[in-house]
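Quick note on full-length UniProt numbering: the sequence shown kicks off at 1 and runs consecutively.
Written out below as structure tokens is the structure these notes cover.
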Amino acid sequence: MQPRSGGDAPARPPLLTAATTEPDATGPAPEEAYAISARGLVKTYSGPDGTTTHAVHGLDLDVRPGETFAFLGPNGAGKSTTIALLCALARPTAGRATVAGADVVSRPDRVRQQVGILFQHSALDMDLTAEQNLRIHARLYGMSRRHSRRRTTETLDAVGLTDRRRSPVRTLSGGMRRRLELARGLLHEPRVLFLDEPTTGLDPHARAQVWEHLRDLRDRYGTTLFITTHYLEEAENCDRLAIIDRGRLVAQGTPSALKDAIGDDRVVLRTGDDQAACHIVRRTVPSGVCVTADAEGVHLRVPDGSSWLPRLCAVLELHGITVHVASATPPTLDDVFFHHTGRSINAGRPVPPPTLTRPDRATETPASVSAEPGGATATAEGRP
């Protein structure tokens, strides 16, 4: 790929807002208006027993130039497979997609020239220095020695690693290695940068640093960022997001629009007998309210959830059921995911330490009813 003309960084497109990231009222934008566009994208694999697995199933997706776009889903949802298709590293079984104006099937070479990628697992040479790793990849992209030296210096500076340029990679922290891989993905000035779980395995401080550099790089270069993640607070940082589950795209929009569409507050009750409490709550709330119980407690959605807490607690106490924790919170992205998939994105795996404080976790402290930012929590003595 030839370098962009001129030494100045291209002007960054204006930040896209909720009003501009949704489809226009006059109809969909032409395909050329998108940095990434996919229609009916399918990827299947045949198993040894003759069964067919749909890793990606009928994906329709549009990402505008300059957007920071999150691809949210649990492990095994099809996120990495989608990136492989969009980067022309795997051929789709059906459907079509264009990235930076090039078709992933008919022009895979052009796609690869226009994109950068940060893989989920490190591909750095641990015995080489940070600078040597970048120089090798610059030459693989066909850069001259002079251009390679310039871009190595620029990208190391962009990710804050200039002072570690001669350090062997094995001596760098996990966060520094991730930033070095980010620099490597930007060497050839791609129009679209794909980041597959860029902060997995990092501590909260390192994750925050990576995101600080991502925002700076988007501001500096105007690069479209396509980020797969299962961290909800990271998806909140993006202009728009799509939720993928079992290979299917189930929702797409701005974080605020997706949460607003849920509407009602979420109420969660942890009691001494959640199954019995579930039946009692169903008889207490209006007939149209869905009440369920699982390992985390009794769940329901109602308008003005905090006003329901005292009433529900009192009814359950009258039936001899102790309420350990009761909470009411406005919709979160986890609620959005649950609404579209029927389960939490964190189901079946440990929740990593967040980089941001989330308001949707009840704090178990002795109190009657206490207001919390973003919701209300009622707790009682006699915890399990």
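For every residue, glycine included, the Cβ atom is placed at its ideal position computed from N, Cα and C.
Simplified DSSP assignment, three categories, for residue i
i: PRO92; result: coil
i: ALA11; result: Because ALA11 carries a pLDDT of 39, less than 50, the predicted location of this residue cannot be relied on, and no value is offered for it.
i: HIS147; result: helix
i: ALA314; result: helix
i: LEU86; result: helix
i: ASP127; result: coil
i: HIS121; result: coil
i: SER344; result: coil
i: THR322; result: coil
i: ALA77; result: coil
i: VAL105; result: coil
i: THR152; result: helix
i: ALA100; result: coil
Expected contact under 8 Å - CB spacing of residue i and residue j to nearest Å
i: ARG266; j: GLY305; result: 7 Å
i: SER327; j: PHE337; result: The pair is not a contact, with the Cβ atoms about 18 Å apart (cut-off 8 Å).
i: THR152; j: GLU131; result: 6 Å
i: GLY297; j: VAL268; result: 5 Å
i: LEU241; j: LEU72; result: 5 Å
i: LEU86; j: VAL99; result: 5 Å
Buried or exposed by the 16-neighbour rule on C-beta atoms within 10 Å, applied to residue i
i: SER37; result: buried
i: TYR231; result: buried
i: ALA70; result: buried
i: THR332; result: buried
i: GLU317; result: exposed
i: ASP163; result: exposed
i: ALA295; result: exposed
Can you list the alpha helix (DSSP H) stretches of 4 or more residues lying completely in the segment 231 to 309, in chain order? The qualifying runs are 232 to 236, 255 to 262 and 274 to 284.
Report yes or no: do the segment 77 to 95 and the segment 239 to 259 share at least 3 C-beta pairs separated by less than 8 Å? The segment 239 to 259 and the segment 77 to 95 touch, with three or more beta-carbon pairs separated by less than 8 Å.
Within the segment 155 to 213, note down every full beta strand (DSSP E) run reaching 3 residues or more, in order along the chain. Counting only runs of 3 or more, we get 192 to 196.
Can you find at least 3 beta carbon pairs, one from the segment 51 to 71 and one from the segment 105 to 121, that sit closer than 8 Å? Pairwise C-beta distances place the segment 51 to 71 out of contact with the segment 105 to 121, as fewer than three of them are shorter than 8 Å.
Meets three-Cβ-pair contact criterion under 8 Å: the segment 277 to 289 and the segment 308 to 317: Taking a contact to require three or more Cβ pairs closer than 8 Å, the segment 277 to 289 and the segment 308 to 317 qualify as touching.
Would you say the segment 114 to 134 touches the segment 182 to 193, given that touching needs at least three Cβ pairs under 8 Å? Touching, yes.
Every unbroken beta strand (DSSP E) inside the segment 31 to 60 [3 residues or more]: Counting whole runs of 3 or more residues, the segment 31 to 60 contains the beta strand (DSSP E) stretches 36 to 46.
Are at least three pairs of beta-carbons, each pair with one atom in the segment 127 to 147 and one in the segment 217 to 236, less than 8 Å apart? Three or more Cβ pairs closer than 8 Å define a contact, and the segment 127 to 147 falls short of that threshold against the segment 217 to 236.
Do the segment 36 to 52 and the segment 92 to 105 meet, that is, are 3 or more Cβ pairs less than 8 Å apart? In this structure the segment 36 to 52 touches the segment 92 to 105; the number of beta carbon pairs closer than 8 Å is three or more.
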